[in-house]
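Under full-length UniProt numbering, residues 1 to 209 are what the sequence shown spells out, in order. What follows is a single structure, written as structure tokens, with notes after it.
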Amino acid sequence: MIYIPGNHDEVMRQYIGLHFGNIEVHRDYIHETFDGKRLLVLHGDELDLIVKNNRFLSKLGSRAYDLLLGLNHWVNKYRRYFNFSYWSLAKYLKHKVKNAVDYISSYEKALARVAKERNVEGVVCGHIHHAEIREIDGVLYCNDGDWVESCTSIVEHKDGRLELLHWASRFERSTLAEVEELVGFQAFSTVGQSPPKAPVPFDDTEEAA
Numbered sequence: 001m002i003y004i005p006g007n008h009d010e011v012m013r014q015y016i017g018l019h020f021g022n023i024e025v026h027r028d029y030i031h032e033t034f035d036g037k038r039l040l041v042l043h044g045d046e047l048d049l050i051v052k053n054n055r056f057l058s059k060l061g062s063r064a065y066d067l068l069l070g071l072n073h074w075v076n077k078y079r080r081y082f083n084f085s086y087w088s089l090a091k092y093l094k095h096k097v098k099n100a101v102d103y104i105s106s107y108e109k110a111l112a113r114v115a116k117e118r119n120v121e122g123v124v125c126g127h128i129h130h131a132e133i134r135e136i137d138g139v140l141y142c143n144d145g146d147w148v149e150s151c152t153s154i155v156e157h158k159d160g161r162l163e164l165l166h167w168a169s170r171f172e173r174s175t176l177a178e179v180e181e182l183v184g185f186q187a188f189s190t191v192g193q194s195p196p197k198a199p200v201p202f203d204d205t206e207e208a209a
């Protein structure tokens, strides 16, 4: 397993280059997909000038984001009470504020330039919590979003195709068995195994017979 720390867990960066059992800590990593594409994987805060040059604003922004996540929790708690689907307040605000939209666009282009400089076909990052897979200037740009606010992740299929999963919407329209099967596929597809089957419920009547 490759572990790449970011600005929210930067204390782990002191362990870059070390191994903890089967866990390797890296600053960035070159991943080769099943179909041979080379992808640069990094957190992405290295290209954030606020994080890089102004520690105070970086900490302030991190605290503000934590508060926004707390507010987002209560908003969705009441939405669930009235049977509404999950909705990200932070994502909504980022799309409505022009400066945030402009920043996301410039950040994505900067990551694409870094990928070209590293001579790879694509880049996989996080940091700005804006989930997306698209091509930028001939470079495959992938941002997996985050697990708390957007409830998104990126998986690789056996043919090398990358897919962005939106867990909130998937869970709403899937049965528990379907979700378990999907999770099993992700966990075992990378080593060529078949997804585990859901356990068959135990029937007391059959045992008694």
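Glycine included, each C-beta is placed from N, C-alpha and C at the ideal position.
Between the options, which has its C-alpha nearest residue i's C-alpha?
i                : options                          : result
glutamate 121    : Leu39, Gly160 and His8           : Leu39
glutamate 32     : Gly160, Thr152, Phe20 and His166 : Gly160
leucine 162      : Leu47, Asn119 and Val124         : Val124
methionine 1     : Gly126, Glu10 and Phe20          : Phe20
residue 228      : Ala115, Asn119 and Trp147        : Because the chain is modelled from 1 through 209, residue 228 falls outside the range shown and cannot be assessed.
asparagine 22    : Tyr3, Arg118, Ser105 and Tyr29   : Tyr3
arginine 118     : Lys158, Arg79 and Asp28          : Asp28
phenylalanine 34 : Leu18, Trp167 and Lys158         : Lys158
Note down the Cα distance separating residue i from residue j, rounded to an integer number of angstroms.
i              : j             : result
valine 155     : serine 85     : 24 Å
lysine 37      : tyrosine 81   : 45 Å
threonine 175  : aspartate 144 : Residue confidence is low: threonine 175 scores 47 on pLDDT, short of 50, so the model does not pin down where it sits. No coordinate-derived value is stated.
isoleucine 133 : glutamate 108 : 11 Å
histidine 129  : leucine 71    : 17 Å
lysine 77      : asparagine 83 : 10 Å
To which residues of the same chain is residue i closer than 7 Å at the C-beta, ignoring the five residues directly before and after it?
i           : result
alanine 131 : Asn143, Asp144, Gly145, Ser150, Thr152 and Leu164
glycine 6   : His43, Asp45, Gly126 and His127
aspartate 9 : none
If you drop the 5 nearest sequence neighbours on each side, which residues of the same chain put their C-beta closer than 6 Å to that of residue i?
i           : result
alanine 110 : Leu47
Since residue i contacts residue j with CB under 8 Å, what's their CB separation in whole angstroms?
i            : j             : result
histidine 26 : histidine 127 : At roughly 16 Å, the Cβ-Cβ gap does not stay under 8 Å, so histidine 26 and histidine 127 are not in contact.
alanine 112  : valine 148    : Not a contact, Cβ separation roughly 26 Å.
So that I know if they touch, is there some Cβ in chain C lying closer than 8 Å to that of residue i?
i         : result
serine 85 : The question asks about chain C, but that chain is absent: this structure has only one protein chain.
Where DSSP assigns a beta bridge to residue i, which residues make up the other side?
i             : result
cysteine 142  : Val124 and Ile133
glutamate 163 : Val155
isoleucine 4  : Answer is none; isoleucine 4 lacks a bridge partner.
arginine 38   : Glu32
histidine 19  : Glu24
Tell me which same chain residues have a C-beta within less than 8 Å of the C-beta of residue i, skipping the five on either side of it?
i             : result
methionine 12 : Tyr3, Pro5 and Val25
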